[in-house]
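Enquirer:
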Amino acid sequence: MSNCLVWFHNDLRLFDNPALSLASKSDKKVIPVFIWSPGEANDWHLGGAAKWWLNYSLEALSLDLRKIGSELIIKKGETENVISELVEKYEITEIFMNRRFEPKIVERDNKIIKNINVEVTVSNGNLLFNPEDIKTGQGKNYTVFTPFWKNCKLQKEPRTPLKKPTKLNTPESWPMSLPIKDLNLLPKIKWDSNIKRTWKPGEKSAKKTLKKFLVNNGSNYGKNRNIPGIKGTSRLSPHLRFGEISPHLIWHESKKYHNKGVEHFVREVGWREFSYHLLNNFPFLTNKPLRPEFENFPWSPNKKYLESWKKGMTGYPIVDAGMRELWSTGWMHNRVRMIVASFLVKHLLLDWKEGADWFWDTLVDADLASNTSGWQWTAGCGADAAPYFRVFNPILQGKRFDSNGDYVRKWVPEISKLPNEKIHTPWEVSKDELHKYDVVLGKTYPGPIVDHVEARNIALEAFDKLMAEKRKVP
Ligand SMILES: Cc1cc2nc3c(=O)[nH]c(=O)nc-3n(C[C@H](O)[C@H](O)[C@H](O)COP(=O)(O)OP(=O)(O)OC[C@H]3O[C@@H](n4cnc5c(N)ncnc54)[C@H](O)[C@@H]3O)c2cc1C
2 MSNCLVWFHN DLRLFDNPAL SLASKSDKKV IPVFIWSPGE ANDWHLGGAA
52 KWWLNYSLEA LSLDLRKIGS ELIIKKGETE NVISELVEKY EITEIFMNRR
102 FEPKIVERDN KIIKNINVEV TVSNGNLLFN PEDIKTGQGK NYTVFTPFWK
152 NCKLQKEPRT PLKKPTKLNT PESWPMSLPI KDLNLLPKIK WDSNIKRTWK
202 PGEKSAKKTL KKFLVNNGSN YGKNRNIPGI KGTSRLSPHL RFGEISPHLI
252 WHESKKYHNK GVEHFVREVG WREFSYHLLN NFPFLTNKPL RPEFENFPWS
302 PNKKYLESWK KGMTGYPIVD AGMRELWSTG WMHNRVRMIV ASFLVKHLLL
352 DWKEGADWFW DTLVDADLAS NTSGWQWTAG CGADAAPYFR VFNPILQGKR
402 FDSNGDYVRK WVPEISKLPN EKIHTPWEVS KDELHKYDVV LGKTYPGPIV
452 DHVEARNIAL EAFDKLMAEK RKVP
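Note that our numbering numbers the sequence shown so that position 85 is 86, with each residue one more than the last.
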């Protein structure tokens with residue numbers, strides 16, 4: 002009996018894992034391997050929060066593999082060298098892997114597959130549909146979500162989830178494996194205590210999270226998904242990001258609940274598919290806008306604004322609450338992601354890539370496809386984008402989606418005593434009254450770093466100019 006490799010990457014689960022399932026059904030002895038090679042993703046090597054997640058996700062996978070009599074072999078180094086060495090030393094005759102979509106990783110994987118002298122079986126483990134299979138009637142790629150998703154739903158239904166292998170054939174001898182801690186994924190300075198309290202990485206926790214969401218919150222998803230002060234969404238994003246759960250399981254489990262809320266939830270999973278469709282078909286998107294005219298936009302170099310935004314000290318309570326939730330937990334509610342992103346781009350006129358970089362470093366669910374498309378959508382330079390003249394009003398957004406101020410009170414405690422009707426606009430409250438609520442603007446909490454109306458007008462003028470120049474180009 003010969004040996005095979007199961008090459009794990011962002012598919013850190015046993016259940017419904019096509020690569021692992023095929024390997025377990027082959028007549029080969031299985032060596033599961035994870036290779037840490039951060040430099041190979043170019044600018045997009047994992048950020049701090051995602052590395053934190055990866056550490057614990059690998060620990061969980063390693064334990065789960067042990068339970069079925071196997072081992073997770075951890076390696077570090079240049080991927081091509083590590084794979085070649087394993088193939089040579091352990092007489093590997095086949096490699097099983099699930100397909101990935103990050104442009105630099107795709108390039109690397111393709112090179113390895115071409116150069117290595119063994120069969121490589123690539124499966125689609127992490128997407129419901131192959132991004133290149135979904136085309137418009139004219140054979141083009143989609144750049145608008147609604148028709149994209151309509152088309153997806155006309156495709157053959159995504160496969161039913163594959164069973165988890167109960168046993169794997171083990172090799173005569175195991176390759177040497179590094180301890181996970183040697184990958185140095187955890188921070189040296191302790192900034193992760195609240196992240197640790199908030200999340201439990203791993204497949205078991207992912208499945209539990211899905212179940213709990215579908216039972217308790219699924220039917221109200223449509224109503225609650227926009228309210229950041231309550232747990233109205235699934236919080237499955239980091240689990241999906243690391244492949245601890247497959248979208249196929251989500252799809253088929255959701256089907257058991259016949260209600261509009263869960264249907265809406267599955268449609269949001271469709272946005273994830275759409276983001277991958279875009280990244281796969283327009284791989285330049287991570288660094289360049291889909292709409293080329295935006296390349297010439299005169300973004301502001303104001304580093305002070307950027308720092309205030311990162312720290313949650315802009316003086317706009319809903320923006321600050323979001324940025325602090327991000328820093329503290331490694332996650333931010335989707336509605337608030339849109340508000341803070343719009344604020345960075347349209348109120349502060351800072352380059353969307355600065356925002357995408359910060360999210361990349363601080364999100365536990367940092368995902369190249371969804372982060373890129375989320376930022377380009379908000380900036381108005383991407384697919385199906387919010388039109389450039391749509392400037393989210395952080396005051397109205399706060400009043401509408403956090404009307405009782407719960408979210409702001411949680412994350413911006415220094416203004417928590419303000420009454421509901423004033424919590425989103427502390428600068429409109431007189432000095433004396435603020436004093437009653439223990440707030441001194443500019444001291445205990447900042448005044449607004451820009452004036453909303455003024456900033457909006459400047460942004461609209463700049464974007465109008467850009468559009469006028471675009472119209473001039475023959
Ligand atoms: C500027 C910006 C940056 C973003 N960066 C990321 C990112 O790095 N990683 C990430 O996973 N999502 C990102 N999103 C999308 C979205 O905010 C998160 O997926 C969502 O908030 C995760 O919470 P949840 O799991 O409770 O979502 P739910 O509402 O429960 O949705 C279920 C799943 O659907 C997917 N999903 C939902 N909304 C979107 C969306 N708009 N785009 C793509 N997929 C979606 C996610 O996988 C999510 O877990 C970003 C959005 C914006 C506006």
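Ideal placement from N, C-alpha and C gives every residue a C-beta, glycine not left out.
1) Please determine whether the Cβ atom of Asn4 lies at a distance below 7 Å from any heavy atom of ligand 1.
2) I'd like the list of long-range same chain contacts for Trp412, defined as Cβ closer than 8 Å, with 5 residues on each side in sequence excluded.
3) Any idea if Glu120 is buried or exposed, counting beta-carbon neighbours within 10 angstroms, 16 or more meaning buried?
4) Between which two residues does the beta strand (DSSP E) carrying Val34 extend?
5) Say yes only if the C-beta of Leu155 is nearer than 7 Å to one or more non-hydrogen atoms of ligand 1, and no if none qualify.
6) Can you tell me which of His425, Gly381, Ser178 puts its alpha carbon nearest to the alpha carbon of Leu397?
7) In angstroms with no decimal places, state the Cα-to-Cα distance between Glu470 and Glu462.
8) With a threshold of 7 Å, establish whether the CB of Trp272 neighbours any heavy atom of ligand 1.
9) Could you tell me which residues DSSP pairs with Trp8 in its beta bridges?
10) Give the C-beta separation of Glu415 and Thr445 to the nearest angstrom, bearing in mind that I take them to be a contact with Cβ-Cβ under 8 Å.
11) Beta carbon of Ile32, beta carbon of Pro166: below 8 Å?
12) Could you pull out every residue in the same chain whose Cβ sits closer than 6 Å to the Cβ of Pro104, ignoring the five residues on either side in sequence?
13) With respect to the alpha helix (DSSP H) encompassing Glu254, which residues constitute its N-terminal and C-terminal limits?
14) Between Asn260, Arg14, Pro239, Phe464, which lies nearest to Thr363 when the distance is taken from Cα to Cα?
15) So Val346 is in the beta strand (DSSP E); what residue range does that whole segment cover?
16) The alpha helix (DSSP H) spanning Ser124 covers which residue range?
17) Does the beta carbon of Phe360 fall short of 7 Å from some heavy atom of ligand 1?
18) Tell me whether the beta-carbon of Phe102 lies closer than 8 Å to the beta-carbon of Asn372.
19) In or out: His278 buried (at least 16 other Cβ within 10 Å) or exposed?
20) My output table needs one value for Ile84: the three-state DSSP class, helix, strand or coil.
21) Let me confirm a value: Arg190 is counted as buried when at least 16 other C-beta atoms fall within 10 Å, else exposed. Which label applies?
22) According to DSSP, which residues form a beta bridge with Tyr446?
23) Rounded to whole angstroms, what is the Cα-Cα separation between His253 and Thr161?
24) So is the beta-carbon of Asn335 under 7 Å away from any non-hydrogen atom of ligand 1?
25) Straight-line CA distance for Trp428 to Gly448?
26) Please list the terminal residues of the continuous beta strand (DSSP E) segment that includes Ile74.
27) Going along the chain, which residues of its own chain have a beta-carbon closer than 6 Å to the beta-carbon of Ser309, five neighbours each way excluded?
28) Do Phe266 and ligand 1 come close, with the Cβ less than 7 Å from some heavy atom?
29) Within 10 Å of its beta-carbon, does Glu274 have 16 or more other beta-carbons around it, so buried, or fewer, so exposed?
30) For Val430 and Leu128, I'd like the C-alpha separation in whole angstroms.
31) Just checking Glu1 against ligand 1 - is the residue's beta carbon closer than 7 Å to any of the ligand's heavy atoms?
32) Exposed or buried, what is Met468 when buried is set at 16 or more other beta-carbons lying within 10 Å of its beta-carbon?
33) Would the region 352–361 and the region 217–225 be scored as touching if the rule is three or more Cβ pairs under 8 Å?
34) Put Ile113 into one of helix, strand or coil per three-state DSSP.
35) Please determine whether the Cβ atom of Arg242 lies at a distance below 7 Å from any heavy atom of ligand 1.
36) Step through the CB atoms of chain C and report whether any lies within less than 8 Å of the CB of Gly323.
Expert: Working from what's here:
1) Locating residue 4 in the sequence shown gives position 3, counting from the first residue. Result no, Cβ not under 7 Å from ligand 1.
2) For the purposes of this step, residue 412 is taken as the residue at position 411 of the sequence shown. Only Gly313, Asp321, Ala322, Gly323, Arg325, Glu326, Ser329 meet the Cβ criterion.
3) Along the sequence shown, read from residue 1 onward, the residue named residue 120 stands at position 119. So Glu120 ends up on the exposed side.
4) Your numbering for residue 34 matches position 33 in the sequence shown. Here the beta strand (DSSP E) through Val34 covers 30–37.
5) Position 154 of the sequence shown, counted from the start, is the residue given in the question as residue 155. The answer is no for Leu155.
6) Translated into positions along the sequence shown, residue 397 becomes position 396. Nearest of His425, Gly381, Ser178 to Leu397, Cα basis: His425.
7) One-based indexing of the sequence shown puts residue 470 at position 469. One-based indexing of the sequence shown puts residue 462 at position 461. Distance between the alpha carbons of Glu470 and Glu462 is about 12 Å.
8) If you number the sequence shown from 1, residue 272 lands on position 271. Under cutoff, so the answer is yes.
9) Position 7 of the sequence shown, counting from 1, holds the residue named residue 8. Paired residues: Val34, Met98.
10) Against the sequence shown, residue 415 aligns to sequence position 414. Against the sequence shown, residue 445 aligns to sequence position 444. Yes, they are in contact, since the Cβ atoms of Glu415 and Thr445 sit about 5 Å apart, within 8 Å.
11) As a working mapping, residue 32 is identified with position 31 in the sequence shown. As a working mapping, residue 166 is identified with position 165 in the sequence shown. Contact: no.
12) On the sequence shown, residue 104 is found 103 positions in, with the first residue counted as 1. Same-chain partners within the cutoff: Pro284.
13) Your numbering for residue 254 matches position 253 in the sequence shown. Here the alpha helix (DSSP H) through Glu254 covers 248–255.
14) The count along the sequence shown starts at 1 and reaches residue 363 at position 362. Answer by Cα proximity: Pro239.
15) Sequence index remark: in the sequence shown, residue 346 carries index 345 (1-based). Premise fails: Val346 is in no beta strand (DSSP E) and is neither H nor E.
16) Counting from 1 along the sequence shown, the entry for residue 124 is found at position 123. Ser124 -> not in any alpha helix (DSSP H); beta strand (DSSP E) instead, spanning 120–124.
17) The count along the sequence shown starts at 1 and reaches residue 360 at position 359. Phe360: yes, Cβ under 7 Å from ligand 1.
18) Position 101 of the sequence shown holds residue 102. Position 371 of the sequence shown holds residue 372. Not closer than 8 Å, so no.
19) The residue you call residue 278 lines up with position 277 of the sequence shown. Counting Cβ neighbours within 10 Å, His278 comes out buried, since at least 16 surround it.
20) One-based indexing of the sequence shown puts residue 84 at position 83. Helix at Ile84.
21) On the sequence shown, residue 190 is found 189 positions in, with the first residue counted as 1. According to the sequence provided, residue 190 is Ile. The question's Arg does not apply to it. Exposed, by the Cβ-count rule.
22) As a first step, residue 446 must be located in the sequence shown, where it is residue number 445. DSSP lists Leu442 as partners of Tyr446.
23) Against the sequence shown, residue 253 aligns to sequence position 252. Against the sequence shown, residue 161 aligns to sequence position 160. Roughly 7 Å between the two C-alpha positions.
24) Here residue 335 refers to the residue found at position 334 of the sequence shown. Yes, since a heavy atom of ligand 1 falls inside the 7 Å radius drawn around the Cβ of Asn335.
25) One-based indexing of the sequence shown puts residue 428 at position 427. One-based indexing of the sequence shown puts residue 448 at position 447. The straight-line gap separating the alpha-carbon atoms of Trp428 and Gly448 is approximately 6 Å.
26) In the sequence shown, the residue the question calls residue 74 occupies position 73. First-last of the beta strand (DSSP E) with Ile74: 74–77.
27) Taking the first residue of the sequence shown as 1, we reach residue 309 at position 308. Here the set comprises Thr315, Ile450.
28) Locating residue 266 in the sequence shown gives position 265, counting from the first residue. True, at least one ligand heavy atom lies under 7 Å from that Cβ.
29) Locating residue 274 in the sequence shown gives position 273, counting from the first residue. Result: buried.
30) The count along the sequence shown starts at 1 and reaches residue 430 at position 429. The count along the sequence shown starts at 1 and reaches residue 128 at position 127. Whole-angstrom Cα-Cα distance: 50 Å.
31) Only positions 2 to 475 of the chain appear in the structure, and residue 1 is not among them; the question remains open.
32) For this step, residue 468 is matched to residue 467 along the sequence shown. When all chains shown are included, Met468 counts as exposed.
33) no
34) Within the sequence shown, the letter at position 112 stands for residue 113. Helix at Ile113.
35) Here the question's residue 242 lines up with position 241 in the sequence shown. Checking the Cβ of Arg242 against ligand 1 gives yes.
36) No chain C appears in this structure, which consists of one protein chain only.
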